[in-house]
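**Student:** Once you've had a glance at the structure underneath, I'll fire off some questions.
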Ligand SMILES: Nc1ncnc2c1ncn2[C@@H]1O[C@H](COP(=O)(O)OP(=O)(O)OP(=O)(O)O)[C@@H](O)[C@H]1O
Ligand SMILES: [Mg+2]
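In the numbering used here, the protein residues as written are 400 to 649.
Here you go:
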């Protein structure tokens, strides 16, 4: 994935090389069988800040634009941000719902979401929030942050919550916290079908990715792909911007 200043795709950036990189990812995962039938895809990484949430948002937007019904699930109780990413992108990709909901006193208000579904205190229709400007795209926020996210995600109810998402979507993308720091993503691999592992390019950091990948592959979810994120395409010699032209197949 190329490095880019404007992070979440909007109508203004859909024809850029940055968007094209996510289209390639969509194509690799899509009709050519890359997802191998996976419907619930966990987006995970070893370390923090590798680009999981950005990948969930942009891949979700482009999958929905290709006509798939997409549910984005914020399963990162440690640093939830999908709602802010989608709201901040503006230009058509605002999460709607309650008036003034996102900006109240500058703080993120508590909104029912995944934790309430797992606890059985809310239903899918109550927590699924349409993303403005993109048909077929819905997001489910974290809901109340529990004191014990890993235990909550390990709950037996989680399986039926995921099944419920799959009933409403062709593709479910789940955001998660770094698996080298928390076991949350590992718990999620027990109930999802596939793993998309995001890796930020650059000099090696302290995270042992082989160990992280091994940990993640102990559940039922198969490793579907690895996303190399924040590649400096200029340094790689691809500095000429490509605009317009034939749209990528996906
Ligand atoms: N392709 C990209 N080009 C440029 N910046 C990017 C790209 N992808 C992500 N970023 C930036 O990198 C930072 C981390 O991205 P993001 O929040 O998506 O990572 P994360 O893996 O979800 O982090 P965390 O582990 O904290 O949840 C953000 O500032 C984001 O804007
Ligand atoms: Mg994140």
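All C-beta atoms in this analysis are idealised placements derived from N, C-alpha and C, irrespective of residue type, glycine included.
All values reported here derive from a predicted model rather than from experimental measurement.
Does the structure place the stretch 443-457 close enough to the stretch 567-579 that three or more beta carbon pairs sit under 8 Å?
**Tutor:** yes
**Student:** On a Cα-Cα basis, can you pick out the residue from 624, 630, 409 that is closest to residue 424?
**Tutor:** 624
**Student:** Beta-carbon distances below 6 Å to any heavy atom of ligand 2 define the shell here; list its residues in chain order, please.
**Tutor:** 451, 452, 475, 478, 480, 574
**Student:** Look at the alpha carbon of residue 590 and the alpha carbon of residue 541, and state the distance between them as a whole number of angstroms.
**Tutor:** 17 Å
**Student:** How big is the Cα-Cα spacing for residue 473 and residue 458?
**Tutor:** 14 Å
**Student:** On the criterion of 16 or more Cβ atoms from any shown chain inside 10 Å, does residue 517 qualify as buried, or is it exposed?
**Tutor:** buried
**Student:** Nearer than 7 Å: is that true of the beta carbon of residue 406 relative to any heavy atom of ligand 1?
**Tutor:** Yes, the beta carbon of residue 406 sits closer than 7 Å to at least one heavy atom of ligand 1.
**Student:** Using the rule of at least 16 other Cβ atoms within 10 Å of the residue's Cβ for burial, across every protein chain shown, is residue 606 buried or exposed?
**Tutor:** buried
**Student:** Taking the beta strand (DSSP E) that residue 544 falls in, what are its first and last residues?
**Tutor:** It is not in any beta strand (DSSP E) - residue 544 carries neither H nor E in the DSSP assignment.
**Student:** Could you tell me which residues DSSP puts in a beta bridge with residue 596?
**Tutor:** For residue 596, which the question treats as bridged, DSSP gives the partners 443, 625.
**Student:** Do you know whose CA, among 538, 613, 602, 532, lies nearest residue 411's CA?
**Tutor:** Considering only alpha carbons, the answer is 532.
**Student:** Please indicate yes or no: does the CB of residue 547 lie closer than 7 Å to some heavy atom of ligand 1?
**Tutor:** Checking the 7 Å criterion, the Cβ of residue 547 is out of range of every heavy atom belonging to ligand 1.
**Student:** Determine the closest residue to residue 630 out of 622, 609, 599, with distance taken between C-alpha atoms.
**Tutor:** 599
**Student:** Under DSSP, the alpha helix (DSSP H) around residue 515 begins and ends at which residues?
**Tutor:** That run of the alpha helix (DSSP H) goes 513-518.
**Student:** Is residue 564 near residue 439, with beta carbons less than 8 Å apart?
**Tutor:** yes
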